[in-house]
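If you're matching them up, the sequences are chains A and B in order. Residue numbering for the first sequence follows our numbering, beginning at 2 and increasing consecutively. Residue numbering for the second sequence follows our numbering, beginning at 384 and increasing consecutively.
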Amino acid sequence: MELLSGADMITHSLADQGVEYIYGYPGGAALHIYDALFRQDKVKHILVRHEQAAVHMADGYARATGKAGVVLVTSGPGATNTITGIATAFTDSIPMVVLCGQVPSTLIGEDAFQETDMMGVSRPVVKHNMAIKHPSEIPETIKKAFYIAESGRPGPVVIDIPKDMTAPNERFEYSYPKKVKLRSYSPPTRGHSGQIRKAAEMLLNAKRPVIYAGGGVIIGGGTQQLTDLVKRLNYPVTCTLMGLGAYPGTGEHSLGMLGMHGSYEANQAMHHSDLVVSIGARFDDRVTNGTDKFCPGARIVHVDIDPANISKTIKVDVPIVGPVDSVLTDLHAALDELAGTPDQEALSAWWEKIDGWRAFHGGRYDASTQDSIKPQHVIETLHKVTKGDAFVTSDVGQHQMFAAQYYKFNKPNRWINSGGLGTMGFGLPAAMGIKLTHPDEEVVCVTGEGSIQMNIQELSTCKQYDLPLKVLLLNNQALGMVKQWQDMNYESRHSHSYMDSLPDFTKLVESYGHVGMTVNKLDELESTLEKAFAMKDKLVFINVYVDPLEHVYPMQIAKGSMNDMWLNKTERT
Amino acid sequence: MRRIISVLLENEPGALSRVVGLFSQRNYNIETLTVAPTDDESLSRLTVTTTGSDKVIEQITKQLNKLIEVVKLVDLTEGSHIERELMLVKVKAVGSQRGEVSRTVDIFRGQIVDVNSTVYTVQVTGDSRKLDAFIKALPEGIVLEVVRSGVSGIARGEKVLSL
Ligand SMILES: Cc1ncc(C[n+]2csc(CCOP(=O)(O)OP(=O)(O)O)c2C)c(N)n1
Ligand SMILES: [Mg+2]
């Protein structure tokens with residue numbers, strides 16, 4: 002057996018785990034580890050400009066691949082800078098392992114320089130955290146961290162590593178475990194067969210069914226089985242913000258997104274349904290609107306890997322706890338066995354109703370405008386130019402909702418956004434994490450001039466590692482989503498939602514060594530995007546001045562039912 | 384409704400703070416909390432009493448179960464169970480009070496565990512209501528200090544909470 006220092010055990014463990022990239026930032030408590038990184042070439046380290054960005058990079062990678070992203074930071078401020086990123090991953094169930102330096106164990110509790118109780122600070126926003134007490138624990142702890150992060154309902158795991166645990170001259174026997182078992186942790190592996198059978202029967206008996214698919218379908222690798230289910234039954238399907246791409250967005254059964262800014266037809270169908278089958282979604286308040294008015298005529302089936310999500314906000318009739326892929330496989334088998342078919346007459350009446358909702362303008366934007374650039378139109382143009390096949394990351398605000406509504410995702414893992422926490426500043430570093438590992442794919446960050454400035458320093462990292470992604474800025478010269486709420490709820494008092502003193506983005510990105518483009522006129526939009534995306538080896542930042550008065554619609558009316566919506570500035574359902 | 388939730392927990396640093404943190408994070412209330420290692424030193428047994436609607440209690444047990452260090456748990460109030468709490472009470476005991484206090488202690492099957500010329504220290508065990516009743520039964524104005532252990536509980540009969 003090899004004798005290694007704690008620091009070398011970390012790099013060896015990561016290599017043995019198959020980790021290719023880690024994202025991080027050095028500092029005192031992590032220097033032994035950084036030295037170990039220097040002395041090997043299996044694990045490549047990406048130096049960001051702010052630790053939050055390292056976490057979002059790892060997150061972007063994880064969302065695109067399903068594998069845990071890995072972060073390395075120092076103690077104190079390095080560690081606390083990761084918290085927003087960790088919370089972002091936690092809320093969206095993203096697997097991640099965050100290695101944090103810590104002051105030497107002999108100094109813990111003495112308010113030492115750069116000492117922060119990272120175990121305490123991170124506790125509410127991690128799936129788990131662990132502190133290293135002896136260097137020999139390192140391999141097993143790292144193995145456990147990956148196992149916990151990636152299994153069951155995934156999430157971030159923090160490992161706190163006091164500096165003396167990585168001391169270069171203290172060596173211990175190293176071997177990386179093939180497997181770990183935790184007696185207190187066993188995620189579910191199959192759904193209950195009786196419940197699945199019940200769900201199958203309900204599916205066959207429904208007259209106005211809707212399938213409501215969430216991010217769990219993507220994380221749980223169930224997109225194919227979901228697509229097969231929708232097609233075999235000929236049932237409508239709507240996806241949450243996190244679930245976009247779980248079923249093809251241009252597919253004929255797709256109603257688009259549901260919820261606060263969901264499509265008219267999706268929210269209407271949900272409200273009028275007699276059976277809601279929720280798969281890998283968690284009845285979030287941004288989906289349900291007023292829970293007391295949620296889908297009044299519907300019975301509810303809920304498939305989720307996390308039992309705590311069952312009946313947390315909405316009481317369900319048939320809960321099924323298990324991994325989405327295995328539950329859906331079993332559900333197909335149960336349907337095969339029942340060998341029934343849905344009531345075709347009821348189903349065609351239901352589709353007729355849905356087609357009526359689809360035909361209604363339902364809050365869609367006015368595409369005939371010529372004197373300003375509508376942000377929705379920018380997204381449609383992006384879809385056209387990238388043939389609907391790009392990895393699209395976004396920040397948070399109106400631009401995020403426009404991207405979700407108008408870029409019809411046909412594949413899973415391509416729409417990458419902070420849905421649960423709503424973290425501005427997520428988009429650029431997430432795109433970097435994806436571009437790094439998918440160099441031949443088109444990766445574009447759709448952003449706002451508010452959000453991009455929260456992590457704009459990462460343009461420097463993009464230069465260092467040559468990441469030719471694209472940034473599409475929907476520049477409405479305002480914190481648009483905040484301003485929209487102020488327009489709607491505060492008589493247009495724009496308290497601190499106005500962004501003056503914006504930088505000249507073109508000059509800014511050029512100073513980082515990238516290409517900047519500006520679009521002011523509608524007729525320049527498509528050609529500029531074409532030009533930008535033709536520059537395969539350059540990061541191009543496209544600043545598009547969009548109509549600053551545009552609002553996101555539909556918008557559910559607070560505390561109402563699913564189908565209580567504003568359709569434009571003056572019309573509501 | 385009041386519930387007694389009994390938890391087998393990995394006996395590791397930080398595990399307790401995770402449990403307590405969960406309660407404050409999710410706005411659940413803790414009425415009493417006791418924790419100590421079991422006969423198996425790698426495990427702690429933690430008992431928490433809490434109140435909440437059935438929905439809240441269901442969430443509490445599910446969220447507790449999600450904590451990696453929680454091995455197993457049971458809501459004791461779902462079945463028949465034994466509940467015990469230990470209380471130490473320091474009371475003023477001079478003159479006729481001495482007899483009255485000691486009679487009350489007898490009735491509650493308590494013990495006077497420390498005595499001096501003016502003060503008795505009394506130990507009483509039982510369920511929480513019995514301890515409340517004992518305090519009420521004492522002559523007014525003589526209680527100097529009360530310390531209660533919080534509730535421990537165990538299921539009746541053959542049911543056990545173990546690995
Ligand atoms: C870190 C963070 N701070 C504050 C908010 C609240 N917030 C939500 S959207 C928004 C405005 C975003 O502005 P911009 O990036 O320009 O996007 P727009 O809505 O204009 O498209 C704000 C401030 C947030 N989501 N995240
Ligand atoms: Mg803006």
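Idealized CB from N, CA, C, for every residue including glycine. Note that the coordinates shown come from a computational prediction; the quantities given were computed from them, not determined experimentally.
So what does DSSP say about residue i, is it helix, strand or coil?
| i | result |
| --- | --- |
| F114/A | coil |
| E511/A | helix |
| G509/B | strand |
| K475/B | strand |
| P343/A | coil |
| N544/A | strand |
| V104/A | coil |
| G25/A | strand |
| N448/B | helix |
| T89/A | helix |
| T487/A | According to the sequence shown, residue 487/A is Gln rather than Thr. Helix, per DSSP. |
| C463/A | helix |
| Y407/A | helix |
| Y186/A | strand |
| G257/A | strand |
| V181/A | coil |
| G121/A | helix |
Just how far apart, CA to CA, sit residue i and residue j?
| i | j | result |
| --- | --- | --- |
| E525/A | T571/A | 31 Å |
| H552/A | Q487/A | 11 Å |
| L479/A | S452/A | Leu is not the amino acid found at residue 479/A; the sequence shown has Ala there. When rounded, the distance between both Cα atoms is 10 Å. |
| Y407/A | I109/A | 51 Å |
| P396/B | P343/A | 55 Å |
| D93/A | K182/A | 25 Å |
| S106/A | P136/A | 12 Å |
| L259/A | E174/A | 54 Å |
| A16/A | G79/A | 23 Å |
| Y366/A | Y554/A | 8 Å |
| L550/A | Q401/A | 16 Å |
| T83/A | A90/A | 11 Å |
| L205/A | K539/A | 52 Å |
| N411/A | H57/A | 24 Å |
| G536/B | K144/A | 36 Å |
| K388/A | E442/A | 12 Å |
| A559/A | M261/A | 9 Å |
| R428/B | S562/A | 45 Å |
Given a cut-off of 9 Å on the beta-carbon distance, is the pair residue i and residue j in contact?
| i | j | result |
| --- | --- | --- |
| L100/A | I149/A | no |
| V545/A | I374/A | yes |
| A88/A | V44/A | no |
| V278/A | A200/A | yes |
| D458/B | I388/B | yes |
| T382/A | V444/A | no |
| K475/B | V530/B | no |
| S274/A | C240/A | no |
| E468/B | L399/B | no |
| T314/A | R359/A | no |
| G221/A | G156/A | no |
| G364/A | M243/A | no |
| V304/A | V325/A | yes |
| N418/A | V386/A | no |
| G86/A | A55/A | yes |
| A299/A | V211/A | yes |
| A65/A | I543/A | no |
Looking only at its chain, what residues have a beta carbon closer than 8 Å to the beta carbon of residue i, apart from the 5 residues adjacent to it on each side?
| i | result |
| --- | --- |
| M379/A | The residue asked about is misnamed: residue 379/A is Val in this sequence, not Met. Closer than 8 Å at the Cβ level, and outside the excluded window around V379/A, lie F403, L473, L475, L526, V545, V547. |
| I133/A | G7, I139, T142, I160, D161, I162, P163, M166 |
Under 6 Å Cβ to Cβ from residue i, same chain only, skipping five residues before and after it: list those, please.
| i | result |
| --- | --- |
| I440/B | R386 |
| Q399/A | G481, M482, V553 |
| S14/A | P140, I143, Y177 |
Which same chain residues, not among the five before or five after residue i, have their C-beta less than 7 Å away from its C-beta?
| i | result |
| --- | --- |
| K455/B | L391, L544 |
| E452/B | L392, E393, E395, A398, R401 |
Could you give the uninterrupted runs of the alpha helix (DSSP H) lying entirely in the stretch 189-217 of chain A, keeping only those of 4 residues or more? If we require 4 residues or more, the alpha helix (DSSP H) runs fully inside the stretch 189-217 of chain A come out as 194-206.
What are the complete alpha helix (DSSP H) segments, minimum 4 residues, inside the stretch 480-533 of chain B? Within the stretch 480-533 of chain B, the runs of alpha helix (DSSP H) at least 4 residues long that lie entirely inside it are, in chain order, 511-520.
Which complete beta strand (DSSP E) runs does the stretch 409-436 of chain A hold, if anything under 3 residues is left out? Here no run is fully enclosed.
Every unbroken beta strand (DSSP E) inside the stretch 304-374 of chain A [3 residues or more]: Correct list: 319-322.
Quick one: complete alpha helix (DSSP H) runs, 4+ long, within the stretch 29-56 of chain A? Those alpha helix (DSSP H) runs which fall completely within the stretch 29-56 of chain A and span 4+ residues are 32-39.
Counting only runs that start and end within the stretch 219-266 of chain A, where is the alpha helix (DSSP H) found for 4 or more residues in a row? Entirely contained in the stretch 219-266 of chain A, the alpha helix (DSSP H) runs reaching 4 residues are, in chain order, 224-234.
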